[in-house]
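Asker: Quick one: this structure, given as structure tokens, is what I'll be asking you about.
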Amino acid sequence: AFSHSRVRRIRLFACHSVLVSEPRLAMGGNDHELSEPLLAMEPLLPLHATIDIEEEEALARERHYSILDRSSDTAENDTAAAQNESFLKSFFRSKGPPQVIFLCMLLALSLGSTVGVLPAIMTDRYARINHGYTGADCSSFSRDEKPASCLLGSADAQNMSAAASFVSNGLTFVTSSLMGSISDQRGRRGIMLLGIFLSLLAPTCLVLMQLIEKMSPNYYYVCNASTGLVNWVAIALSALSDVMPKRWRAPSFGLLLAGFSLGFAFSPLLALIFSHLGVSIFSLSLLVGGFLFAAFLLPETLPPAIAQEAIRARSRDPEDETALRCLMRHIVRPLKELSILNRNRLFRLLSALAFFSGMSSSADQSLLIYYLEERLEFNDADIALLFMIFGLAGIFVQGVILKPLNDRIGEKLVVVTAFVFGAVHNCLYGLATTKSVIFIGVAIGTLTGLSFPTISAIKSNNVCEHEQGRIQGALYSLSSLASALGPASLRFVYHLTKD
1 AFSHSRVRRI RLFACHSVLV SEPRLAMGGN DHELSEPLLA MEPLLPLHAT
51 IDIEEEEALA RERHYSILDR SSDTAENDTA AAQNESFLKS FFRSKGPPQV
101 IFLCMLLALS LGSTVGVLPA IMTDRYARIN HGYTGADCSS FSRDEKPASC
151 LLGSADAQNM SAAASFVSNG LTFVTSSLMG SISDQRGRRG IMLLGIFLSL
201 LAPTCLVLMQ LIEKMSPNYY YVCNASTGLV NWVAIALSAL SDVMPKRWRA
251 PSFGLLLAGF SLGFAFSPLL ALIFSHLGVS IFSLSLLVGG FLFAAFLLPE
301 TLPPAIAQEA IRARSRDPED ETALRCLMRH IVRPLKELSI LNRNRLFRLL
351 SALAFFSGMS SSADQSLLIY YLEERLEFND ADIALLFMIF GLAGIFVQGV
401 ILKPLNDRIG EKLVVVTAFV FGAVHNCLYG LATTKSVIFI GVAIGTLTGL
451 SFPTISAIKS NNVCEHEQGR IQGALYSLSS LASALGPASL RFVYHLTKD
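Using our numbering, the first residue of the sequence shown is number 1, and each one after it goes up by one.
What follows is the structure, encoded as structure tokens:
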């Protein structure tokens with residue numbers, strides 16, 4: 001600042017010198033053009049006075065720029081706050097997304113309420129049917145005291161869970177992209193209703209199984225596997241894409257997962273209040289309520305113009321096509337719909353990320369509870385606390401962290417960060433010898449959930465509006481393939497290394 005003021009002072013003295021000694025040069029060469037006001041400019045000041053004046057001006061400039069910087073920072077913060085506020089207002093005032101979030105929360109509460117009791121119910125039933133067990137409930141024994149029949153029943157339940165997961169995800173791999181493509185043409189609402197109806201079947205079997213002593217648990221797993229025919233979560237993501245602009249799709253998908261987390265956070269607590277049968281009935285009641293809610297209150301989000309565009313883009317059937325060729329075309333259509341994943345290098349890379357992360361996450365979902373009950377003696381209270389930590393941390397990550405982190409570092413680094421935390425939390429699962437380490441691992445693992453909405457948003461933003469259902473379905477198809485292989489492969493590794 002002082003150097004700048006010194007240069008300005010030298011220029012001021014030079015200006016005074018020119019005006020006084022060479023008026024012709026300063027004013028174009030005519031003495032009479034020199035006006036009195038110009039000649040009456042400020043007189044020359046002593047050097048020390050000039051320095052004082054310039055130093056005061058420099059300090060004033062510094063104060064001015066400092067105020068401007070603070071004002072700029074405040075303006076940026078206000079802009080960010082306004083964007084967040086406008087996003088939330090736009091989301092909750094829109095037609096469709098709030099209903100989808102509420103429906104997801106309701107279904108997560110229903111499905112999550114039975115997660116903690118399902119292993120105990122299935123273990124006891126398989127021990128009695130397959131191994132002739134006639135004693136007290138298997139869940140009443142500690143790990144070291146469990147009869148051999150209960151241990152064998154637990155192994156049967158885990159194998160059936162892995163098999164059902166394999167079948168369910170295999171069906172999703174074949175049908176998800178096709179269902180997404182159909183929803184692009186026929187609408188989201190009907191496909192979501194079908195998916196929710198299929199989700200009703202397994203809880204119904206769970207209730208009946210506890211009322212009918214001789215009923216095989218295999219019915220439950222068959223109905224559970226059938227849910228893979230329609231993946232309503234992929235359709236829900238497409239419904240959000242129909243309404244929300246591109247810049248808000250990642251946080252919108254995050255709110256969808258936050259709704260799931262909210263449901264899973266408190267649902268296992270029901271096992272501490274009700275019996276296993278009471279929890280199962282409550283779960284079924286919530287699903288019935290969710291189906292009725294979707295039937296009467298869920299609006300259609302697909303605009304008719306987009307649906308017509310999708311129909312025109314995909315209706316290239318020849319008029320003279322034979323019945324055999326028509327049949328073959330419909331058979332290969334699911335695989336054809338998957339070809340969108342191979343559209344460019346970005347899609348291939350994102351597909352690889354979704355595949356490998358799906359293998360790990362599906363194994364966690366299918367086998368973690370069995371592992372914790374068998375190795376660390378988790379009971380209903382521990383499982384309830386586990387899911388509360390998972391749910392509350394998930395709400396914070398998806399609802400609070402995702403959007404500002406995405407705005408700050410970009411989508412690429414968000415995905416990298418998510419996978420780093422995913423590696424850490426799975427290592428903690430393997431090395432844990434106490435329950436507290438598992439709880440820490442679950443809290444860290446919620447940051448892995450940043451990858452799913454971000455990858456979904458990247459793909460959604462890089463396809464046409466009439467391909468939203470197709471891309472989300474194709475992404476879920478690939479994830480389902482990974483989910484089918486994940487539990488089975490890690491179960492195989494466990495058998496090889498458990499001794």
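Positions of the beta carbon are idealized from the N, C-alpha and C atoms, including for glycine.
Counting along the chain, where does the alpha helix (DSSP H) carrying residue 451 start and finish?
Answerer: Counting from one through the sequence shown, the residue named residue 451 turns up at place 451. It spans 451-461 - the alpha helix (DSSP H) in which residue 451 sits, taken as one unbroken run.
Asker: Starting from the C-beta of residue 283, find all residues in its chain whose C-beta is less than 6 Å away, skip the five residues before and the five after it, and write them out in chain order.
Answerer: On the sequence shown, residue 283 is found 283 positions in, with the first residue counted as 1. Contacts found: 110, 113, 114 and 203.
Asker: Suppose contacts are defined by Cβ-Cβ distances below 8 Å. Is residue 467 in contact with residue 340 by that definition?
Answerer: Position 467 of the sequence shown, counting from 1, holds the residue named residue 467. Position 340 of the sequence shown, counting from 1, holds the residue named residue 340. Taking 8 Å as the Cβ cut-off, residue 467 and residue 340 qualify as a contacting pair.
Asker: Starting from the N-terminal side, write out each stretch of the beta strand (DSSP E) that is 3 residues or longer and does not extend beyond the segment 142-187.
Answerer: Runs of the beta strand (DSSP E) inside the segment 142-187: none found.
Asker: Among 336, 89 and 478, which one has its Cα closest to the Cα of residue 349?
Answerer: On the sequence shown, position 349 is the one that residue 349 refers to. Among 336, 89 and 478, the Cα nearest to that of residue 349 is on 478.
Asker: Going by beta carbon distance, what residues of the same chain come within less than 8 Å of residue 493, once the five residues before and after it are set aside?
Answerer: As a position in the sequence shown, residue 493 is number 493, starting the count at 1. If we look at residue 493 and ignore the five residues flanking it on each side, it has no Cβ neighbours.
Asker: Using the Cβ count rule (16 or more neighbours within 10 Å means buried), how would you classify residue 453?
Answerer: Indexing the sequence shown from 1 puts residue 453 at position 453. Under this definition residue 453 is a buried residue.
Asker: Where does residue 212 sit, in a helix, a strand or coil, going by DSSP?
Answerer: Numbered from its first residue, the sequence shown carries residue 212 at position 212. In the structure shown, residue 212 sits in coil (DSSP, three-state: anything other than H, G, I, E or B).
Asker: Once DSSP output is grouped into helix, strand and coil, what is the label at residue 280?
Answerer: Translated into the one-based positions of the sequence shown, residue 280 becomes position 280. In the structure shown, residue 280 sits in a helix (DSSP, three-state: H, G or I).
Asker: How is residue 134 classed by DSSP in three states: helix, strand or coil?
Answerer: Residue mapping note: residue 134 aligns to position 134 of the sequence shown, counting from 1. Residue state, collapsed to three classes: coil.
Asker: Specify the secondary structure class of residue 303 as computed by DSSP and reduced to three states.
Answerer: Sequence index remark: in the sequence shown, residue 303 carries index 303 (1-based). Of the three classes helix, strand and coil, the one that applies to residue 303 here is coil, per DSSP.
Asker: Just to confirm my understanding: we take residue 21, look at its own chain, exclude 5 residues before and 5 after, and list those with CB closer than 6 Å. What are they?
Answerer: Taking the first residue of the sequence shown as 1, we reach residue 21 at position 21. Reliability of the predicted coordinates at residue 21 is poor, the pLDDT of 39 falling under 50, and no value is obtained from them.
Asker: Closer than 8 Å by C-beta to residue 442: which residues in its own chain qualify, once you throw out the five before and the five after it? Chain order, please.
Answerer: Position 442 of the sequence shown, counted from the first residue, corresponds to residue 442. Same-chain partners within the cutoff: 386, 389, 390, 393 and 425.
Asker: Closer than 8 Å by C-beta to residue 105: which residues in its own chain qualify, once you throw out the five before and the five after it? Chain order, please.
Answerer: Indexing the sequence shown from 1 puts residue 105 at position 105. Contacts found: 259, 260, 262 and 263.
Asker: I need the DSSP call for residue 223, collapsed to helix, strand or coil.
Answerer: Here residue 223 refers to the residue found at position 223 when the sequence shown is read from its first residue. If DSSP states are grouped into helix, strand and coil, residue 223 belongs with the helices.
Asker: When DSSP labels each residue in this structure, what does residue 228 get in the three-state scheme?
Answerer: Your numbering for residue 228 matches position 228 in the sequence shown. Residue 228 falls in the helix class under three-state DSSP.
Asker: Taking contact to mean at least 3 C-beta pairs separated by less than 8 Å, is the segment 412-421 in contact with the segment 212-229?
Answerer: Output reads no: the segment 212-229 does not touch the segment 412-421.
Asker: Ignore the nearest five residues each way along the sequence and tell me which others in residue 97's own chain have a CB closer than 7 Å to its CB.
Answerer: Here residue 97 refers to the residue found at position 97 when the sequence shown is read from its first residue. The answer, listed in chain order, is 91, 240, 243, 244 and 252.
Asker: Sorted by chain position, which residues of the same chain lie with C-beta nearer than 6 Å to residue 129's C-beta, five sequence neighbours on each side aside?
Answerer: Taking the first residue of the sequence shown as position 1, residue 129 is located at position 129. Here the set comprises nothing.
Asker: In chain order, which continuous runs of the alpha helix (DSSP H) of length 4 or greater are located wholly inside the segment 335-400?
Answerer: The segment 335-400 contains these whole alpha helix (DSSP H) runs: 345-375 and 380-396.
Asker: So what's residue 256 in DSSP terms, helix, strand or just coil?
Answerer: For this step, residue 256 is matched to residue 256 along the sequence shown. Helix, per DSSP.
Asker: So residue 500 is in the alpha helix (DSSP H); what residue range does that whole segment cover?
Answerer: Here the chain has residues from 1 to 499 only, and residue 500 is not among them.
Asker: Among 469, 448 and 460, whose alpha-carbon lies nearest the alpha-carbon of residue 188?
Answerer: The residue given as residue 188 occupies position 188 in the sequence shown. Cα-wise, what sits closest to residue 188 is 469.
Asker: CA-CA distance, residue 131 and residue 149?
Answerer: Locating residue 131 in the sequence shown gives position 131, counting from the first residue. Locating residue 149 in the sequence shown gives position 149, counting from the first residue. Their Cα atoms are separated by approximately 6 Å.
Asker: How close, in whole Å, do the beta carbons of residue 169 and residue 254 come, if the pair is a contact with beta carbons under 8 Å?
Answerer: For the purposes of this step, residue 169 is taken as residue 169 along the sequence shown, with counting starting at 1. For the purposes of this step, residue 254 is taken as residue 254 along the sequence shown, with counting starting at 1. Contact flag wrong, Cβ pair sits at about 24 Å.
Asker: Exposed or buried, what is residue 184 when buried is set at 16 or more other beta-carbons lying within 10 Å of its beta-carbon?
Answerer: Along the sequence shown, one-based indexing puts residue 184 at 184. Under this definition residue 184 is a buried residue.
Asker: Are the beta-carbon atoms belonging to residue 163 and residue 359 less than 8 Å from one another?
Answerer: Locating residue 163 in the sequence shown gives position 163, where the first residue counts as 1. Locating residue 359 in the sequence shown gives position 359, where the first residue counts as 1. Against a cut-off of 8 Å, the Cβ pair of residue 359 and residue 163 comes out as no contact.
Asker: Quick check on this structure: which residue in 361, 269 and 186 has the alpha carbon closest to the alpha carbon of residue 306?
Answerer: Within the sequence shown, numbered from 1, the residue matching residue 306 stands at position 306. Of the candidates 361, 269 and 186, the one whose C-alpha sits nearest the C-alpha of residue 306 is 186.
Asker: Measure from the alpha carbon of residue 476 to the alpha carbon of each residue in 411, 196 and 354, then state which is nearest.
Answerer: Translated into positions along the sequence shown, residue 476 becomes position 476. Of the listed residues, the one whose Cα sits closest to residue 476 is 354.
Asker: Within 8 Å of any Cβ in chain D, is that where the Cβ of residue 240 sits?
Answerer: The structure shown contains no chain D, having only a single protein chain.
Asker: Given this structure, state the Cα-to-Cα distance separating residue 450 from residue 86, to the nearest angstrom.
Answerer: Here residue 450 corresponds to residue number 450 of the sequence shown, with the count starting at 1. Here residue 86 corresponds to residue number 86 of the sequence shown, with the count starting at 1. Each residue's alpha carbon lies about 22 Å from the other.
Asker: Applying the 10 Å Cβ sphere with the 16-neighbour rule, what's the burial state of residue 403?
Answerer: Numbered from 1 along the sequence shown, position 403 holds the residue referred to as residue 403. Buried, because 16 or more other Cβ atoms sit within 10 Å of the Cβ of residue 403.
Asker: Which of the three DSSP states, helix, strand or coil, is assigned to residue 480?
Answerer: The residue you call residue 480 lines up with position 480 of the sequence shown. Helix, per DSSP.
Asker: Specify the secondary structure class of residue 234 as computed by DSSP and reduced to three states.
Answerer: The residue labelled residue 234 in the question sits at position 234 within the sequence shown. Helix, per DSSP.
Asker: Which residues in the same chain as residue 117 place their Cβ atom closer than 6 Å to its Cβ, once the five residues preceding and following it in sequence are excluded?
Answerer: The sequence position of residue 117 within the sequence shown is 117, counting from 1. Once the five neighbours on either side are set aside, the close Cβ partners of residue 117 are 271, 276 and 279.
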